[in-house]
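If you read the sequence shown in our numbering, its first letter stands for residue 961, the second for the next number, and so on. Even glycine gets a Cβ: it sits at the ideal position worked out from N, Cα and C. The block underneath contains the structure these notes are about, expressed in structure tokens.
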Amino acid sequence: MVQQCREIAEELHKVIDRLHMREGRSKTIESSRVFFQGFWKQRDIVSLRTRLEADHHSALSAKLDGLKKTQDTLAINYDAKLDQMRTDILSLVRQDRVKEEGMQMAQLASLKTKLDALGKEHMACINQNAVIRSLYFPVLHRRWGQIPNADKTSNTWIFDASLTSFTAWLASADEDDGLFCITGRAGSGKSTLMKFVSENPRTLEYLQEWTGTTKLCTASYYFWNQGYEMQKSQEGLFQSLLYEILKSVPRLVEIVCPSRLEHEEWRLEELKATFARIATQEDLEVKFCFFIDGLDEYNGAEEDVVSALKFLSASKDIKICASTRPRSVFEKFFSNRSRTFDIKGFTKEDMGRHVQRELAENDNFQNLEDADSTSASIMKVIAERAQGVWLWVFLITRDLVYAVNRHEGVDMLWNIVNLFPADLEEYFEVILKRVKPEYLEQMSQIFLITVDELQPLPLYAFSLLESERKNAAYAIDAPIRPLRDRDVESQYPELKWRIQNRCSDLLVVNDEEHPLFLSHPVDFLHRTVRDFLEDNYYSQLQANLKGKFSSTSTLCKMCLVMLKSLPDIDLKAPLSINKVIGLTDELLYYAYETERADQSPTSSLVEVLDAVDSVNTHHARGVRNHWTHARDPVGERGLDVYREGDKYNFLALAVQARLVKYVRAKLDANSNNMRKGGRPLLDYALRPRRITPISMRYHSKRDDPSVNVDMVRLLLDRGADPNQQVHLNDGKSVWLLFLLSIHETVLRAHKGGTKPSGSLTSAWYQCCQLLIQHGAQRNSYLPKTESVSAVGSVLRDLFGSAKTDALEELLDKKEQEEQQSKGSCMIM
């Protein structure tokens, strides 16, 4: 539009130039010429003015209406400033035409200035939309949609100032009053309460007392341990909150992340840095209140969540309302710095009303009440026995409604209430024991898979169990062929019934799109179901199996079939890369768990893993490098630098994934596999860091070191050289790079980072012993650079003086043996 304005302005300027009186000429003649030319050019001026009006009125409206439509689609707060600029410009264009040329030029200059400003504002809004779009992820609102809404009369007690301090906290302007914590047992209704308060108009009213004339921005996040990675990680937390913030206040984009590119994936460090910029801005005139549900469902160390809360609550302009099950780490954190209460003390009356409402709406139950007034007391008993657990109330109410619909009498209803298990674990066990014997093994297989999976599977994946029963090699034999919902939707009704018949109501099939593949993700009814199966019933599920069955091996095969079936894959596109790399990493995790559980010295998954490499190579057609290069590079940590040099391959990835049995099989098959350009395989084993789109449970659930001693031993036994120089790292040896990695990890721990676990420290020490035994040289251990020479003192701090002295003695011994060997060779 600005360009069009410039072109019209130049034409108009030329026309007006011709109407000037020329100097040095007869004034009479010049006046006559200007008069007649003005008469003939008036039509040209009118024509240009008409073009200006027509072109810019339609273009302006189309552009701004299109932008507003985009913002409406993304639910972004539309900036009325654009509308005002449009009004000003159109008003200027429609003004009465002035005859004086000076006025015409001034009017045109003003129009040009306003159009320039509009152009800049328009581009700023486009950039805002792009950044906000880049923050969106498919499961952003999934957990919110699964949380049941509170009954109209439930949870209102939280706004009663005589019962809780919640309203006082919302309105408080005290800088030390930024945290509020709701605690409660599993299934006690914390998530429903959090959803209720985050959306309730009264919450906003009380918060306005805190914000005053300052703009208020609220955002929510619901941790969900049995969901997808972005539902249970710090990345998911920060990205979700930032998405909601920028949607509410899009102008912040130009302040905190103006140069952000839409196609780039957000990293945790970048998300935190953006939040830090928001928190340090002093003239934003915005205050924030975050509602964070289920801290205990974070997939990692509870200390990490505490660290995130400290980071978020550092600003006086941020309030956080959180919920969690009782956990010692959280209790310690919240004890001295927040208001808190246990939900159990407030929900009994809500539960009684809920049961009454559910049963009262049933015609059969109304008939029972007319015949026997004692039926009403059932509701009171249920509320008393619930012990604050809403899930228990939901389950017993469901059983009562089921009985009433089948015309059972009051005596049977009392029988159900009196025999109903006192806690959820007993109830789950009763449900499992009701499964028909002919379904028992298949039920156990399904539950073992859902307990061991990293993320919920699509319904289609469970149909592959039948394929595996018929042909153990089905995943390898399956063709590489795109699969879409329309290809399998006819199977969904049967598959849903199969899940329900075998697993009762403890698994739920959702009628929504799966974020990775097809649709209908399969989830547990509640997290407590998974906890019960994993902690109390896992061995019984295994005992129900008649034949050999490995849930993680089966998950490997399912992932392979899904890799083969992914539609529209282009490894140059970020979305495709995320799907392929994410699914591959998940498969590698299951392969590691399979190797770990299998006592056999050989791998049962060699063909499956080989097929992964082949399938992803197929997906990477047209890409110059091997498909493993699609993975995001690992960031440098001071002296700990990672470079691939276009030589990454699947065997190197398998080494990083600690698949010892698979790597051994590949080296046995071809010893030349040890030879690799770029980083040596031993370097991958000693420094296995890689960027993964999902967190592995062997790190988050148990103390499992990232460095695998058996892998290091295997490679050394096959001829790997600790002193091999890595040219990508300025000729440093593999041994020195390993020491530098330890050095940087320990330095970061001293600066407040995560301290190396005992198992990792032990693995490092064993690797040092192995490397020295295989010839690691002292000149790598004591480099000249001062910053690097600190490695020795770091090892002493890490391992202790006795163990470090033992390493020094081992180095001395190996040097003596080498000198003796050289001397013997010279004599000969």
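Assignment of P1418 by DSSP, reduced to helix, strand and coil, places it in the strand class. Selection V1568, A1680, V1672 and A1090 evaluated against T1512 yields V1568 as nearest (Cα-Cα). The C-alpha of Q1106 lies about 39 Å from the C-alpha of V1615. Per DSSP, F1248 is not a residue of any alpha helix (DSSP H); the beta strand (DSSP E) it occupies stretches across V1246 to D1253. For K1715, the three-state secondary structure derived from DSSP is coil. By the criterion of a C-beta distance shorter than 8 Å, Y1181 is surrounded in its chain by G1196, L1197, S1200, L1201, F1250, F1251, I1252 and D1253, once the five residues flanking it on both sides are discounted.
Here V1468 carries a strand assignment [DSSP, helix/strand/coil]. Contact between the region 1144-1153 and the region 1478-1493 is present, with at least three C-beta pairs closer than 8 Å. Nearest Cα to T1173 within the set E1245, A1233, E1230 and M1190: E1245. The secondary-structure analysis by DSSP pairs R1678 with nothing; it has no beta-bridge partner. Following the DSSP letters along the chain, one finds T1178 inside the beta strand (DSSP E) bounded by residues K1175 to Y1182. A Cβ-Cβ contact shorter than 7 Å links P1475 with V1099. By the neighbour-count definition (other C-beta atoms within 10 Å, threshold 16), N1632 is an exposed residue. R1366 and T1514 have their C-alpha atoms spaced approximately 41 Å apart.
In the structure shown, P1475 falls within a coil segment according to DSSP collapsed to helix, strand and coil. For T1577, the three-state secondary structure derived from DSSP is helix. The region 1137-1175 contains, as complete beta strand (DSSP E) runs of 3+ residues, the segments 1139-1143 (chain order). Only buried fits E1555, as 16 or more other CB atoms lie within 10 angstroms of its CB. By the Cβ criterion, the region 1689-1706 is in contact with the region 1585-1605, since at least three pairs of Cβ atoms, one from each stretch, lie closer than 8 Å. In this structure the region 1360-1376 does not touch the region 1433-1445; the number of beta carbon pairs closer than 8 Å is below three.
In the structure shown, I1280 falls within a strand segment according to DSSP collapsed to helix, strand and coil. For D1495, the enclosing alpha helix (DSSP H) begins and ends at R1487 to D1495.
Judged by DSSP in its simplified three-state form, R1673 adopts helix. Classified as exposed, R1358 has fewer than 16 neighbouring CB atoms from the shown chains inside 10 Å of its CB.
The closest CA to that of S1510, considering only D1445, E1775, V1706 and E1428, is found on E1428. The residues R1597, G1598, L1599 and D1600, in chain order, have a CB closer than 7 Å to that of E1704 in the same chain once the five nearest residues on each side in sequence are set aside. With distances taken between CA atoms, S1560 lies nearest to K1621 out of T1544, K1621 and G1760. In summary, E1553 is buried, with 16 or more beta-carbon neighbours lying within 10 Å of its beta-carbon over all protein chains present.
Measuring C-alpha to C-alpha distances from N1461 to each of I1280, R1220, D1570 and L1400 identifies L1400 as the nearest. The beta carbon of V1572 sits closer than 7 Å to the beta carbons of L1520, L1523, T1544 and L1547 from its chain, once the five residues preceding and following it are set aside; these are given in chain order. Look at D1302 here: in three-state DSSP terms it is strand. Apart from the 5 residues on each side of it in sequence, S1283 sits with its Cβ closer than 6 Å to the Cβ of I1142, K1150, M1154 and D1253 in its chain, given in chain order.
Contact check for F1301 against T1124 passes: the beta carbons are separated by less than 7 Å. Using a Cβ distance threshold of 7 Å, G1679 and Q1685 do not count as a contacting pair. Note that the C-beta distance between L1221 and V1213 is not below 7 Å.
Under the 8 Å Cβ criterion, the region 1261-1274 does not count as touching the region 1106-1119, having fewer than three qualifying pairs.
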